[in-house]
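Colleague: Read in order, the letters of the sequence shown are residues 18 to 246 in this note's numbering. Beta carbons are placed, not taken as given, at the ideal position from N, Cα and C, and that holds for glycine.
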Amino acid sequence: MTRVRQPQGTRGSLKWIQRAVNCRADGLARELDLVMGDAGQVRWLSPRAEDDYAEYRDDSFLDLIGHPELTGKLADFWPRKGPQWDAVGKGEAGSVLLIEAKAHIGEILSPPSAAGVESRRKIQDALQATALYMGSTPKAPWIDTFYQLANRYAHLHFLRSNGVDARLVLVNFINDEDLGGPKSAGEWRAAYQVVDHVMGIAARNPLGRHVFHIYPSVNDLGEDPVPPA
Numbered sequence: 018m019t020r021v022r023q024p025q026g027t028r029g030s031l032k033w034i035q036r037a038v039n040c041r042a043d044g045l046a047r048e049l050d051l052v053m054g055d056a057g058q059v060r061w062l063s064p065r066a067e068d069d070y071a072e073y074r075d076d077s078f079l080d081l082i083g084h085p086e087l088t089g090k091l092a093d094f095w096p097r098k099g100p101q102w103d104a105v106g107k108g109e110a111g112s113v114l115l116i117e118a119k120a121h122i123g124e125i126l127s128p129p130s131a132a133g134v135e136s137r138r139k140i141q142d143a144l145q146a147t148a149l150y151m152g153s154t155p156k157a158p159w160i161d162t163f164y165q166l167a168n169r170y171a172h173l174h175f176l177r178s179n180g181v182d183a184r185l186v187l188v189n190f191i192n193d194e195d196l197g198g199p200k201s202a203g204e205w206r207a208a209y210q211v212v213d214h215v216m217g218i219a220a221r222n223p224l225g226r227h228v229f230h231i232y233p234s235v236n237d238l239g240e241d242p243v244p245p246a
């Protein structure tokens, strides 16, 4: 399935991104506008309560952002079951906002790709092309180390290479006491410094200008009920 229904989140990043999009969308948009400068009013496409909190991937994702013409190119670039985006939005000027949400540092430590031989070859080609574009010199193969973040970078590169004004937003929640998450943006920044070192990503690179970090506090997301799916 390329449209994946989600339960109403009760903890962790699933809970907080659903709450941020459905209950505190204005606050989330303000944070995005602060780091981007041109996000403006964001129209959130997912995860919407009235859409079963669905998350999107592959051709359904391309339909969602209004670029179904890229379906064939995406199939050539990446095998089925590509990234399933935590949230997707559109900025006021039409930019496509790809959201990856985390509530504790352990979520960065994604497992290696479990793709079969043919799919793995296609993934490796895409990751290598992305690393080359970024001028990266990885300390370990991206397909095996921090693979989830690597495939997000690859899809950002794919979209931008095909004329889509896409931005990757890493939403790093703070103060999630239930999961022992970071209490400050500084803790997240330190973790990403390690990630960048292992992935061989320089502070300044051609793709990096389209990658943004924000650090919303779960304490600002309120306790009002999230709309039922």
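Check Tyr232 in the structure and name its three-state DSSP category.
Modeller: It is coil, neither helix nor strand.
Colleague: Can you grab the Cα-Cα spacing for the pair Leu79 / Val215, in whole Å?
Modeller: Cα to Cα, the separation comes out at about 31 Å.
Colleague: If I follow the unbroken beta strand (DSSP E) through Leu185, where does it start and stop?
Modeller: First-last of the beta strand (DSSP E) with Leu185: 183-189.
Colleague: Taking Gly108 as part of the alpha helix (DSSP H), name the residues at either end of that continuous run.
Modeller: Neither: Gly108 is in no alpha helix (DSSP H) and is coded neither H nor E.
Colleague: Between Val188, Pro85, Ser127, Gly225, which has its C-alpha nearest Ala148's C-alpha?
Modeller: Comparing Cα-Cα distances from Ala148 to each of Val188, Pro85, Ser127, Gly225, the minimum goes to Gly225.
Colleague: What's the call for Glu109, buried or exposed, on a 16-neighbour Cβ count within 10 Å?
Modeller: When all chains shown are included, Glu109 counts as exposed.
Colleague: Determine the burial state of Glu117: buried for a count of at least 16 other Cβ atoms within 10 Å of its Cβ, exposed for fewer.
Modeller: The residue in question, Glu117, is buried, as its Cβ has 16 or more Cβ neighbours within 10 Å.
Colleague: DSSP beta-bridge partners for Ser63?
Modeller: Val105, per the DSSP bridge assignment.
Colleague: Could you please give me the residues that DSSP links to Ala118 through a beta bridge?
Modeller: Note: Ala118 sits in a beta bridge opposite Val188.
Colleague: Can you check the region 22-89 for any beta strand (DSSP E) of at least 3 residues that lies completely inside it and give the ranges in chain order?
Modeller: You should have 60-63.
Colleague: For Val113, which beta-bridge partners are listed by DSSP?
Modeller: According to DSSP, Val113 bridges with Lys107, Ala183.
Colleague: Just to confirm, are Gly203 and Ser153 a CB contact at a threshold of 7 Å?
Modeller: Against a cut-off of 7 Å, the Cβ pair of Ser153 and Gly203 comes out as no contact.
Colleague: Taking 6 Å as the limit between beta carbons, can you name the residues of its chain near Pro199, skipping five residues before and five after?
Modeller: For Pro199, where only same-chain residues beyond five positions count, the Cβ hits under 6 Å are Ile191, Trp205.
Colleague: Please list the terminal residues of the continuous alpha helix (DSSP H) segment that includes Thr154.
Modeller: Thr154 -> no alpha helix (DSSP H), and no H or E assigned at all.
Colleague: Since Leu173 and Trp159 are thought to touch, with beta carbons under 8 Å apart, how far apart are those beta carbons, to the nearest angstrom?
Modeller: Between Trp159 and Leu173 the Cβ distance is about 14 Å, and since that is not below 8 Å, they are no contact.
Colleague: Quick one: give me the first and last residue of the alpha helix (DSSP H) that Asn168 is part of.
Modeller: Taken as a continuous stretch (DSSP letters only), the alpha helix (DSSP H) holding Asn168 covers 164-178.
Colleague: Are the beta-carbon atoms belonging to Ala120 and Ser30 less than 7 Å from one another?
Modeller: Their beta carbons are under 7 Å apart, which means Ala120 touches Ser30 by this criterion.
Colleague: To which residues of the same chain is Leu196 closer than 8 Å at the C-beta, ignoring the five residues directly before and after it?
Modeller: Around Leu196: Arg28, Gly29, Ala120, His121.
Colleague: Kindly identify the DSSP beta-bridge partner or partners of Arg221.
Modeller: Answer is none; Arg221 lacks a bridge partner.
Colleague: Any idea what DSSP makes of Arg137, helix, strand or coil?
Modeller: Three-state result, Arg137: helix.
Colleague: Whether or not the region 226-236 and the region 35-53 are in contact is what I'm after, with contact meaning three or more pairs of Cβ atoms, one per stretch, closer than 8 Å; do they touch?
Modeller: Yes: at least three Cβ pairs fall under 8 Å.
Colleague: Which residues in the same chain as Pro129 place their Cβ atom closer than 6 Å to its Cβ, once the five residues preceding and following it in sequence are excluded?
Modeller: Answer for Pro129: Asp161, Tyr164, listed in chain order.
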